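K.L.:
Take a look at this one; I'll ask things after.
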Amino acid sequence: MEGGSDVGAWSFYITTLLVYFVVDALSAFSLNLQFGYAGVVNFGFIVFQAAGAYVAAVVTLGPSGGQASFQQYILGSHLPFPLELLAATLAGAVLSLVVGLFALRRMRRDYQAAVLLIVSLIALQVVSADVPLFNGSNGLTGVTWPFGQLFGATATGSPFLYLGYAAIIGLLVCLGVIWLSRSPWGRSLRAMRDHEDAASAMGLNITSLRLQVFVLGGAIAGLSGGLLVEYIGAWSPGAWGYAETFVIFTAIFVGGVGNYRGVLVGTLLVPIIFLEIPRFLPAVGYPGLTDSLEWVVVGLAWMLCLLFRPRGIIPERRLKASLHGSPREPAPAEGSA
Amino acid sequence: MQARKLMVAVALAALSTLVAACGSTASSGKKGSLVVAGVIAITGTSSFEGSNQSEGVLPALYEINHAGGVLGHQLVYKGVDTRGDPADALPAVQQLLATTSNLVAVAGPGTASAPTIVPVLNSAKIPMTAVAGESAYDQSHYQYFWRLFPPDSANGTAMALWAQRKHYTRVAAVFGSDAGSQGDLPGVLASLQAMHIQVVANISLTPDQSSYQSSVSQLIQAHPDVIMTESDAGTAGTFFGELKSLGGLVPIIGTEATYTTPWLTAVQNAIGPTDFHQYFTSLITAPSKPTAAVTAWNDAVKGAAHQLPVSVNSAENNPFAITYYDGIITLALAMVAAKSTTPSVYNNYIPKVADPGPGKTVVYNFAQGVKALNAGKQIEYFGATGLIDFNKYHNSFGNQEAVTLSASGKTVSLGQVSVAAIEAVPVKGVA
Amino acid sequence: MLAQLLGSAADGIVVAAILAVAAMGFTLQFSLTNVLNLSFGSVMTIGAFTAYLVNVAGLSPWLGLALGTVAGALATVLLGRGVLRLYARRRTQLFEMMMVTLGMSLVIDYGIQAISQNAIYGYTVLQGSPIRMGPIAVTPIQVGIIGIALVLLVAVEAALHLTKLGKALRATAVEPSLARSCGIKTSRVVLVTWLVSGGLCGLAGVVYIISTQSVDYTTGELFLPLIIAAAILGGVGSLRGAVVASLVMGLVTEIVAGFGGAAYSTVAGFAILVVVLLLHPGAVFGGAEDRQLVL
Amino acid sequence: MSGPMALGAVDPQVVPTPGAPVLEARDVAVGYGGVRAVDGVSLAVYPGEVVGIIGPNGAGKSSFLGALGGQVKRSRGHILLGSRDISQLPPHERARLGLVRTFQTTSEFARMTVFENLVTAAEGDSGASLKAVILHPRRTHLREQELSERAFGIMERFEMTHTADLYGRELSGGQRRLVEIMRCLVRHPQVLLLDEPMVGVAPHLTGKLIDDLRGIAADGLGILVVEHALEVVRRLCDRVVVMAFGKVIAAGEFEEVVADPQVQAAYLS
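Protein chains in written order, with my numbering: chain F, 2 to 338; chain S, 14 to 444; chain L, 1043 to 1337; chain X, 21 to 289.
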């Protein structure tokens, strides 16, 4: 466990924030695909990230020692890279498939949001209470980076390497998400978001599309959880309260719904800069006052955004027809047969 | 294009805020003062940990600073909020390390964030006095990790020994399902098993329920003659209130964690001071007898009273606070002994100023220690929690004491469970 | 076994009574305004803290009950008229409205956290010695809570069906534009709804902490999912439905808890909602997307 | 439907045999909790024909259209597209077989450009499939270009090319109606169901829209249109069906139907 980290304290700190940024960006991209493009309000998002984190942890921790050891869990094994990340991704996907099959039934969007929020609460309670599952509320510790042995250090022992590793994975996935969003499939998602009945009356299978985007988003969430847990080395219910989902939603709202550039800005602003600034402020009042006020400000920011810039700092981009490489010269008028 | 400009502007603004903010932090505090950081949950569900800590660290700093500080430096306390979550703790601690060049010691980390934070602090070569009961640290190899706190299993064993002494034969375990409470449960169960005491009910309380009536009736039907318990204050208040109103009150033995003001207040309110005094016992880390160190601790609490989040009385009786206090005094004495506030230098002196040894001068507070050290003597700090003796894993824990609270709110000692007796119980299953 | 079942059932009825008061308030405002108000729990907390302060001031706990109700009503009117209307003027959609209420709940909850110094306060008033009937043991105040819930159900139902305002309210809930064209002043109807539902909400907060004997900033927030589940389960807009659903939820959670699954009790409550969703999506389906905002 | 632009295979059963109706409703009923909104309606639409449905408010016209399109659950009866029974199919499958519709309140995709509105509709079996997008990027790209040409072709025909890059929500009411209709045409439909297509269309443009729709029908499509404005119905429709209280009370040529005393009674009541 003893990683001789020679990096300066500042660069270590910034590196951690950047790793978190990668994880948050993955989350925000995934949530934006679901919410900004497909209009699915996944208030249970954090559960899928948690699932990925737990699975990535247990498949690398080795067989559980059972009740006698200080942590107990299911699925204990020693999977080598990249299988543990694949397992995390798969966990997110499978869980979202299961949840999606009932939660995505056709209903009012606000009901759907409420149901997913409830799913989030149920999951938290089950995992906290059911110790044999993932060691209950104590959570899992001692998770290592698969390349730890190779570089003789834990992820926090060689943070730059880990950042590079996470950044490459993050970049590839984010580019993939952007590409999919701009594809005809992404366009179908937006049609579904704008008018469900019309989209289905034009031949789009809404049920399937919604499930697809839910599972894909869940898979990315699972992956992000895996990346996060390998860095911090521990994971417990404290890390995935349902409020965490709202932090990511706020990032999207602030940045710009449906615009990935905006989402990136939002991710930088909300979960990173905004939540770090209070650490630099001198302490006021009793301990914890700053933290309470911080959340009050998150709430106000959220409300003000909805009031003044409901589409975020950088709103969704208009995709001009010319982007599709379409001919602008008059084509011969063509009948319907 | 506009979007890109905006992004750059935002990034610049953010960066300048960061720089400005850290500039202001670096220059805060008096010149020459040194920082003792408390890495602990200040908000969130484990926020009581933060209160426990400041109740101990602030009196320690008061005492040290009033005795002239450490080698002429004043010590200041800085709370670092982990929110009880490793993911939040990591950047918080790194920010601390990055912005605090005058950091000399850390109080904490607490249970939830220890696995992530201990390696980071250890790499940064900052001595820490952890209050994390996890058995994983019973055999720690971290050079900068120090624990003056019994592992969870020790407290559990003491509870079982106390039950045996009181001839209780049917135990009901009532524990909250939160992380802190669950951490202490295995030690209790394993100790009871080792001593062949029957567990007639093992009830888990999910915090913040509207009612625990079903759990209460489950408990009553098991007919225990004692309840062993730990949970958060609100849950305990509700549970024991309902237990009393349904007429099921039996003696209660609480873990060390129950002996803190919020818990005591909540349960006392729920069942009334008279019943509380009659039924409640807690096993806490305790001095063998009132010593000069306890007097020093009480004085320190009074001196720091205006800074404390709770009343003097409740801080004085808080075993966690006393543990933190002893830890910080020990670290400060080590700095004096090493004639250096450099963490990597004074770290080696920590056992030297605490562990007992032949020919050592016993000191009971910081000022005495400084005086003896300046006189060229070797010292042994005998703490408010009693004898401090670090083993090779940097662990030190003392006797346990059974206490209750009088109707007027004073700690009343009921008897002792010695380290020797605890170590004699062959507890299995808790590594 | 049977004794345990009966005991749990009795507890379940008590929980159901608290849930019912809140669920009635929730469903009343939801069926009229169509805003899924996620700040409902925060208003409950406001009511609860008001009662706590009354207690600290040494006044009668019954006054606490009354003032908690008033505080809930005033807070709801303030939020509805002061905040939500701002958004309604900017043509915020139904769904975004829910997001707004979520933001409000963050502000209120953490504002209360800041003021209350993040501490848990004991509230041990109105506790009495239990009345025993075989395996069942209930305290007088619990009987009182059940009584309050029943009286409120009858009173609100009667007001809805017998008074002119109640009829106007029902008409507006069904077809707002039609009601408007029939000369019903919807804005007044909405105001009354805010008052009544807010009062129920504040009252629920007080009753809740009488039962839990403590109050902190999460008090309402933790109870809210159960309320929403009960309201949806009961078929939005139906007071009787909300009460029946509360009863089902209360019984199931307490019976599951009684048989050793305390940790799963709330989960079991939500599981019912999920099962209903799976078997009978129509129950929560009504009206789909074309509901409109009424503020 | 075997032109070069046809996307996806057309079910042979759906291709109407000459002289047979392209859409047929047999005894279709819709009930909402005890209330019979549509009570046993039968009608047929032939290729190249525009059939109008008229009737007073609450006659069940929109519900009937919903039952045909699959948006509303039908409690009885059968719906045939060509010779294929589509009664059990979900809306998107009916659309893929060639039955498309517009809605009473305009249903353009508000945050998509007109061009995107058009090409989305045409996707059906290609763009909607994640598999095709990921595994066959080349094929998807070619299809996109075909679609794009087709979309521009249709926009030319309706003189809407200048709106290609405007968002749906930026259009006037009449333009929205046009977008809906154009979107339907991109799909190569067999049958077009129009729910009050003239609402919101500026009066001086209705004439042109009527001509356009007649032109579309002349290409061999069946059009079923629900419309309030009797003047529009007179100029647009070949045949008219009158509904009241969920039933068909009269059918035939416009002039003879409006002269029917039963119809006049229904309108007056």
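C-beta: ideal position from N, C-alpha, C; glycine also. The structure presented is a predicted model; accordingly, all values stated were derived computationally and were not measured.
(1) For Ala322 of chain F, which option in X:Glu136, X:His112, X:Pro76, X:Glu200 has the closest C-alpha, if you only look at C-alpha atoms?
(2) Does any residue of chain F bring its CB to less than 8 Å from the CB of Leu103 of chain S?
(3) Ser1280 of chain L: which of L:Ala1313, L:Arg1131, L:Ala1065, L:Gln1184 sits nearest, CA to CA?
(4) When you compare the CB positions of Ala345 of chain S and Ile77 of chain S, do they come within less than 8 Å of one another, or not?
(5) Can you confirm whether Val1057 of chain L, when its beta carbon is compared against all beta carbons of chain S, has any partner nearer than 8 Å?
(6) Which of the three DSSP states, helix, strand or coil, is assigned to Met202 of chain X?
(7) I'd like the span of the beta strand (DSSP E) that includes Thr374 of chain S, first residue to last.
(8) Check for me: the alpha helix (DSSP H) holding Glu245 of chain F runs from which residue to which?
(9) Could you give the first and the last residue of the continuous alpha helix (DSSP H) run that contains Glu275 of chain X?
(10) Based on the DSSP output, what are the partners of Gly396 of chain S in its beta bridges?
(11) Check whether the Cβ atoms of Arg170 of chain X and Val120 of chain X lie closer than 8 Å to each other.
(12) Taking the continuous alpha helix (DSSP H) assigned at Ile139 of chain S, which residues delimit it?
(13) Taking DSSP as the reference, what is the three-state secondary structure of Ala318 of chain S?
(14) Exposed or buried, what is Val285 of chain F when buried is set at 16 or more other beta-carbons lying within 10 Å of its beta-carbon?
(15) In its own chain, which residues sit with a C-beta less than 8 Å from the C-beta of Ile1055 of chain L, not counting the 5 before and 5 after it?
(16) When you compare the segment 103-122 of chain S with the segment 13-20 of chain F, are there three or more beta-carbon pairs, one atom per stretch, that lie closer than 8 Å?
(17) Label Thr287 of chain S either buried or exposed according to how many other C-beta atoms from any shown protein chain fall within 10 Å of its C-beta, with 16 as the threshold for buried.
(18) Per DSSP, what are the beta-bridge partners of Glu136 of chain X in this structure?
(19) Which whole-angstrom value describes the C-beta separation of Ala171 of chain S and Ile335 of chain S, a residue pair presumed to lie in contact below a C-beta threshold of 8 Å?
(20) Helix, strand or coil for Lys390 of chain S? Go by DSSP, reduced to three states.
(21) Within the same chain, show all residues whose beta-carbon is closer than 8 Å to that of Leu31 of chain S, passing over the 5 residues directly before and after it, in chain order.
(22) Anything in the segment 1158-1184 of chain L with a Cβ closer than 7 Å to a Cβ of chain F? List those residues in chain order, please.
(23) What are the boundary residues of the beta strand (DSSP E) that includes Gly72 of chain X?
(24) Looking at the structure shown, is Trp303 of chain F part of a helix, part of a strand, or coil, going by DSSP?
(25) Of all the options F:Leu210, F:Leu176, F:Val128, which has the alpha carbon lying nearest to the alpha carbon of Ser149 of chain X?
(26) Between Glu1296 of chain L and chain S, is the shortest Cβ-Cβ distance under 8 Å, so that the two count as touching?
(27) For Ser95 of chain X, which residues from the same chain have a beta carbon less than 8 Å from its beta carbon, with the 5 sequence-adjacent residues on both sides left out?
(28) Select from F:Glu317, F:Leu164, F:Phe44, F:Leu217 the residue whose C-alpha is nearest the C-alpha of Gly177 of chain F.
(29) Does any CB atom of chain L fall closer than 8 Å to the CB of Thr56 of chain S?
(30) Check the DSSP bridge columns for Met263 of chain X and list the partner residues they point to.
(31) Grouping DSSP H, G and I as helix and E and B as strand, with all else coil, what is Asp215 of chain X?
(32) Give every residue of the same chain whose Cβ lies closer than 8 Å to the Cβ of Ala279 of chain S, excluding the five residues on either side of it in the sequence, and list them in chain order.
(33) Using only the alpha-carbon positions, how far apart do Gly259 of chain F and Arg312 of chain F sit?
(34) What are the boundary residues of the beta strand (DSSP E) that Asp59 of chain X is part of?
(35) Hey, Leu1080 of chain L and Leu1144 of chain L are a contact pair by Cβ (cut 8 Å); roughly how many whole angstroms apart?
(36) Which residues bound the beta strand (DSSP E) around Thr294 of chain S?
P.N.:
Considering the structure as presented:
(1) X:Glu136
(2) yes
(3) L:Ala1065
(4) yes
(5) yes
(6) helix
(7) 374-376
(8) 244-256
(9) 274-279
(10) S:Gly399
(11) no
(12) No alpha helix (DSSP H) contains Ile139 of chain S, which DSSP labels as neither H nor E.
(13) helix
(14) exposed
(15) Ile1188, Leu1289, Gly1292, Leu1293
(16) yes
(17) exposed
(18) DSSP output for Glu136 of chain X lists no bridge partner at all.
(19) Not a contact, Cβ separation roughly 16 Å.
(20) coil
(21) Unreliable placement is indicated for Leu31 of chain S, whose pLDDT of 48 sits below 50; the coordinate value is still reported in the next sentence. Excluding residues within five positions, none has a Cβ falling inside 8 Å.
(22) Gln1159, Asn1160
(23) 70-74
(24) helix
(25) F:Leu210
(26) yes
(27) Ala49, Val50, Gly51
(28) F:Leu217
(29) yes
(30) X:Val268
(31) strand
(32) Ala246, Gly247, Ala249, Gly250
(33) 8 Å
(34) 55-65
(35) 5 Å
(36) 293-298
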